[in-house]
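Structure first, then comments.
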């Protein structure tokens, strides 16, 4: 599906567990890394490779919130809005981003550059408010630092 | 054995049993959804919470094993309050579909809401909306909103058929049962998920909106689809819900569901058997006796048949081919009749198709192959009879029963006088010298012996169409028409009693002994 | 105060194994593997009084002692490190993993030795991408140095070290859900018994410990249980503790102190006091959001397991969320309810249906369409959840709700009766 290199990566992952099913989460991560998201065809491939039902894989993909079933924006902004961040202004941050990007949370900009979601506690309460941009945490945000960050992204 | 007290009743319970199992076995109804004796324990519905003295909180009865000295209360105030609380939780997002839901009348949500609920809803928020009327398989319709996430259906597909079609998708309140997009729930046991679904989330398409269950009359019987003889409940309902003056002539089997028999089919039946009534109702019935293709009265046809058969028997050229779906009583009566007429070469059709599926379905589609072998003889094969026909040694043929194949002409060879006694129009019926309609699977009491030698009762679910009579009665009438000394049977039980007098596997077999779950009968010595 | 758990946090050189060893690292592992028996290690940890730092506070040595003393080759032992840190208000494990990964690995390996494990799986939440990366590097270094893999430090004990990333589910911090997830399933908690030591992951004997818990172990082995008992409040609340301070304080962050630090000292001295001079302390949730809230006047309490339990709340994950008088407690509780609603796995009825119900009612009250019966309804629904669920997430949703509604009843009533917020100055909008 994704080539022999990919299959080798998967083999190496499977070798770390006593049962192939345990490799579902790491293998799904690899799929998402390669394709940007996880489509149904990939789910079936994973199911077949690891010896489980396709419905089981789909159950995992839809349970764990970080797996994407469709592509997100190039810059996927995940704003923490749980209590500690809320106390330090996460809601104002979300409002500011919605206005600035012209989209509501859950949406992607038409040019595909940004997508914006609210997420739950990211374990960064001491540096609130903050968001995760793709893989990276950006902490101690102010509206100004956010604007500067957005401007720097292409 | 541990001694346990449940609601003041002291009892000895086998070690390893759960509180729920112990309570149910002694008639203490503990409400539950997700527990099913044929599946693993999930413990997620929380409906079976009970109070165990000295335990810090309520425990689920389905998962808690009994311990010696345990004192359980299944209806204490705490338990009653918890049950009401669980019922309330079940109902807050449940759609008010009762008026259009097939499950009404046999729905655990309804039953427990009445018995254990508070009667009033405190929920005034918007309900969750999910997909309704989702076609997920050839026979199964899914309504995600009605689902209570008990996971029985998922466990069934994982543990029994091991096909894993169904799964939980999404998370939390949005959890829903589903099937992988593009795939179908099309294993041969899909209908069982409808049986086990406690609510109307999974319903049978063939039964959708057919009738209300309270218009159904249930008869415990045995499937006629293969040599397993799964125990089933056949439900008969009116053609339409308005009472008609034609009354019971309209009665039809509306659905078949599994009936538990740990010795035969456990809790399950296959879809082929589940829908076998459709095949039966779809086939063209032999609507009346005929002689040489011309409609005749029953008495005339009986007389004509008697003449044809006895002529053949006296010439030593009578053959019999019986469908392996013919009940023992019929086979016995026809065997006696042809013997009294002068003898016949007996043969049983082979209905072996495909392979055993190693779950329930047998390759042998003859529900009574074993009974037929025991009555007609292990070596009595259709092939031998047809060979005799080909060799000119059989010129008169009695064809019994049906193979449900209207194009079947195998038992209508040229140059042979055929008497056909069966329910359906089929090859031999069309060209028979005499054809007499007999009762179909759902129309007469009888006995099947399954492939393991278990004798089980097939029951009449409704009056026969077209005045079709049980085969054994037709045989008895032929005997009378021919002046032969066959006993005057008045019921299938009479015939069975006569069969049971023969030394052999049917000794001890009776209607009472078979009861609802059948009884093992033994192979004839030397067979 | 001596920095124990955080001694390497400000030393970037400790990120490499050479630097970590240079600071004295892996001596404890060496001592354990080459001069102690597994049971002796367990005994030392038992004597130390170390209690789990993930939230439940279960005695660590006791948990290790539940494991079989002999390994059935058909049922290898597994040591799972719970790095799923998702309890709101909590960010201490992240600090250790990102800044002193080898401490975490060393503690994990000593624990693995004590329970005779064949492999350690570090289940790290998916969002900690950087933390997983740091751990991966450290794991490779540990293997290269022979601290993991075959015949560790020349002994007959072999043990693998694997970093396993989650993918976004708070419930996977629950130990049985963690095991379900590690096995490649949806993160559904399991019925107990069996307990993990009897039958855990892949139906094998398993022990699960939090990151911070195992981080204490090298110090216990190196310096002894008696030393550990001298830190904090012997006998049952011992050792150093990482406290997470967040919310309306000047200096939020992770602070190390012996167990039993007074809350006011954490907030006003270490944390620099309240964010705003004109908005004094109003409430603190001491243990991550899953524990009952304390009103300001209840905050004269030592931050240890037993002192907080005596106050009707819990130390939990020691994630203290500080709220000043500008906080609308209704909005705060609605936000907490949203969290549990989002994170409920959906397996069992009371939590699946109840968490959504709680959030919806709280949203209405916050937004101004609350009804007179709503407060009693919230209490009733919460009480119907507590004790009736498969795991503690239901309780974690219900207990805060009960404590907020009870202790800040006037605010809730004000929202209902007057459709406005008593906290006045700051109108916090609900998220929906």
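Chains as they are written, first to last, in our numbering: chain A, 20 to 173; chain B, 2 to 528; chain C, -19 to 412. All C-beta atoms, glycine included, are put in the ideal place defined by N, C-alpha and C.
Excluding the 5 residues flanking residue 92 of chain A on each side, which residues of the same chain have their C-beta closer than 7 Å to its C-beta?
So the qualifying residues of the chain are 127, 128, 131, 132, 133, 134.
Return no unless some Cβ of chain A is closer than 8 Å to the Cβ of residue 180 of chain B.
True, the Cβ-Cβ gap to chain A drops below 8 Å.
Grouping DSSP H, G and I as helix and E and B as strand, with all else coil, what is residue 455 of chain B?
Three-state DSSP puts residue 455 of chain B in a strand.
Consider the Cβ of residue 78 of chain A: report whether some Cβ of chain C lies at a distance smaller than 8 Å.
Chain C contact via Cβ: present.
Tell me the DSSP bridge mates of residue 218 of chain B?
For residue 218 of chain B, which the question treats as bridged, DSSP gives the partners B:237.
Taking residue 81 of chain A as part of the alpha helix (DSSP H), name the residues at either end of that continuous run.
Its alpha helix (DSSP H) spans residues 73 to 82.
Can you tell me which residues form a DSSP beta bridge with residue 262 of chain C?
DSSP output for residue 262 of chain C lists no bridge partner at all.
Taking 8 Å as the CB-CB cut-off, is residue 118 of chain B touching chain C?
For residue 118 of chain B, the answer is no, since every Cβ of chain C falls outside 8 Å of its Cβ.
Identify the continuous beta strand (DSSP E) that holds residue 59 of chain C and give its terminal residues.
It spans 57 to 63 - the beta strand (DSSP E) in which residue 59 of chain C sits, taken as one unbroken run.
For residue 245 of chain B and residue 392 of chain B, I'd like the C-alpha separation in whole angstroms.
Low confidence applies to residue 245 of chain B: its pLDDT is 45, below 50, so where it sits in the model is not reliable, and the reading given next is rough at best. Cα to Cα, residue 245 of chain B sits roughly 54 Å from residue 392 of chain B.
Going by C-alpha to C-alpha distance, which of B:447, B:418, B:428, B:132 sits closest to residue 320 of chain B?
The candidate whose alpha carbon is nearest that of residue 320 of chain B is B:418.
Start and end of the beta strand (DSSP E) containing residue 441 of chain B?
Taken as a continuous stretch (DSSP letters only), residue 441 of chain B belongs to no beta strand (DSSP E), as it is neither H nor E.
Below 8 Å between beta carbons is the criterion; list the residues of the segment 310 to 325 of chain C that meet it against any residue of chain B, in chain order.
Within the segment 310 to 325 of chain C, the residues whose Cβ lies closer than 8 Å to some Cβ of chain B are 321, 322, 323, 324, 325, listed in chain order.
Quick one: list the residues of chain A neighbouring residue 162 of chain C, beta-carbon separation under 9 Å, in chain order.
36, 41, 44, listed in chain order.
Is there a C-beta anywhere in chain B that falls below 8 Å from the one on residue 100 of chain A?
Taking Cβ atoms only, chain B never reaches closer than 8 Å to residue 100 of chain A, which makes this a no.
Please report whether the beta-carbon of residue 154 of chain A lies at a distance below 8 Å from any beta-carbon of chain C.
So, interface residue.
I'd like to know whether the C-beta atoms of residue 479 of chain B and residue 338 of chain B end up nearer to each other than 8 Å.
The answer is yes: Cβ separation under 8 Å.
Taking DSSP as the reference, what is the three-state secondary structure of residue 418 of chain B?
It is a strand residue.
Anything in chain C within Cβ reach of residue 91 of chain B, meaning under 9 Å, just list it in chain order.
Under the 9 Å cutoff, chain C gives 329, 333.
Thinking just about the alpha-carbon of each residue, which of B:457, B:361, B:364, B:307 is nearest to the one in residue 335 of chain B?
Nearest option by C-alpha distance: B:307.
Taking CB distances under 8 Å as the criterion, tell me whether residue 173 of chain B reaches chain C.
With 8 Å as the cut-off, residue 173 of chain B counts as an interface residue toward chain C.
Does residue 74 of chain A come within less than 8 Å of chain B when only Cβ atoms are used?
So, interface residue.
Would you decide whether residue 513 of chain B is buried or exposed? Buried here means 16 or more other CB atoms lie within 10 Å of its CB.
The residue in question, residue 513 of chain B, is exposed, as its Cβ has fewer than 16 Cβ neighbours within 10 Å.
For residue 10 of chain B, count the other beta carbons within 10 Å of its own beta carbon; 16 or more makes it buried, fewer makes it exposed. Which is it?
With fewer than 16 Cβ atoms within 10 Å of its Cβ, residue 10 of chain B is classed as exposed.
In the structure shown, what three-state DSSP assignment does residue -3 of chain C receive?
Reduced to three states, the DSSP call for residue -3 of chain C is helix.
Flag this pair as touching only if the segment 28 to 48 of chain A and the segment 138 to 146 of chain C have three or more C-beta atom pairs under 8 Å; answer yes or no.
Yes, since at least three Cβ pairs between the segment 28 to 48 of chain A and the segment 138 to 146 of chain C fall closer than 8 Å, the two stretches touch.
Please check if any C-beta of chain A sits within less than 8 Å of the C-beta of residue 143 of chain B.
For residue 143 of chain B, the answer is no, since every Cβ of chain A falls outside 8 Å of its Cβ.
Is the beta carbon of residue 422 of chain B less than 8 Å from the beta carbon of residue 401 of chain B?
Against a cut-off of 8 Å, the Cβ pair of residue 401 of chain B and residue 422 of chain B comes out as a contact.
Between the segment 132 to 165 of chain A and chain C, which residues of the former have a C-beta closer than 9 Å to a C-beta of the latter?
So the list reads 137, 138, 139, 140, 141, 142, 143, 144, 145, 146, 147, 151, 153, 154, 155, 156, given in the order they occur along the chain.
Rounded to whole angstroms, what's the CA-CA distance from residue 442 of chain B to residue 461 of chain B? Just pull it up for me.
Those two C-alpha atoms are separated by around 8 Å.
Residue 184 of chain B touches chain A at which residues, Cβ-Cβ below 8 Å?
Per Cβ cutoff of 8 Å: 73, 74.
Is it buried or exposed, residue 275 of chain B, if we count other Cβ atoms within 10 angstroms and call 16 or more buried?
By the 10 Å Cβ count, residue 275 of chain B comes out buried.
Please work out which residues of its chain come closer than 7 Å, Cβ to Cβ, to residue 80 of chain C, disregarding the five sequence neighbours upstream and downstream, and give them in chain order.
Once the five neighbours on either side are set aside, the close Cβ partners of residue 80 of chain C are -12, -11, -6.
Take residue 157 of chain B and list the residues in its own chain whose beta-carbon comes closer than 7 Å to its own, dropping the five residues that flank it on each side.
Taken in chain order, the residues that qualify are 40, 193, 194, 197.
Assign residue 57 of chain C to one of two classes, buried (16 or more other C-beta atoms within 10 Å of its C-beta) or exposed (fewer than that).
Buried is the call here.
Report the residues of the segment 145 to 160 of chain C with a CB closer than 9 Å to any CB of chain A, ordered along the chain.
Answer set for the segment 145 to 160 of chain C: 145, 146, 147, 148, 149, 150, 152.
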